[in-house]
Amino acid sequence: MNSLEQAEDLKAFERRLTEYVSCLQPATGRWRMILIVVSVCTATGAWNWLIDPDTQKVSFFSSLWNHPFFTISCITLIALFFAGIHKRVVAPSMYPSSCLKLFFYQLCCVGYVCVQ
């Protein structure tokens, strides 16, 4: 494969990568907003839970039962992380950085052997 064909392949790959990342942006924005809203709700609920004087007097589970906003938002945040929201939020920045590493090392793979 000569250098002209490699350059064309690289340009085509870069265009496709840019197209793919631009398609991910709207969904990523929504997931980021969901994560921000749930995080703010959890932080607000935690603040109200901590400043409540009854929190120290009752058991842990009774305290959680008395603060349903914090309990629900905390469970939602944990469920979002188990569902993989952290991957969906950082995915558009993860793909280009991985490809930039490949471009930086200028790997040319032929079969099973990679030469630099």
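So the sequence shown is numbered by the numbering used here: it starts at 106 and just counts up by one. Just so it is clear, CB atoms sit at the ideal spot from N, CA and C, and this is done for glycine as well. For clarity, every value in this text was computed on a predicted model and none was experimentally measured.
When DSSP states are grouped into helix, strand and coil, Asp157 belongs to the coil group. Val143 is not a Cβ neighbour of Leu169, given a cutoff of 8 Å. The same chain holds no residue with a CB closer than 6 Å to that of His191 once the five nearest residues on each side in sequence are set aside. Annotation: Ser164 is outside any alpha helix (DSSP H) and is labelled neither H nor E by DSSP.
Inter-residue distance for Arg120 and Val195 is about 20 Å (C-alpha atoms, whole angstroms).
Between Ser178 and Thr147, the beta carbon gap of about 4 Å places them in contact (Cβ cut-off 8 Å).
Beyond the five residues adjoining it in sequence on each side, Gly150 comes within less than 6 Å, by CB distance, of Phe174, Phe175, Ser178 in the same chain, given in chain order. Rounded to whole angstroms, Leu182 and Asn153 show a C-alpha spacing of 17 Å.
For the pair Arg193 and Thr133, the CB atoms are nearer than the 8 Å cut-off. The beta carbon of Arg137 lies closer than 6 Å to those of Val194 in the same chain, with the five residues before and after it left out.
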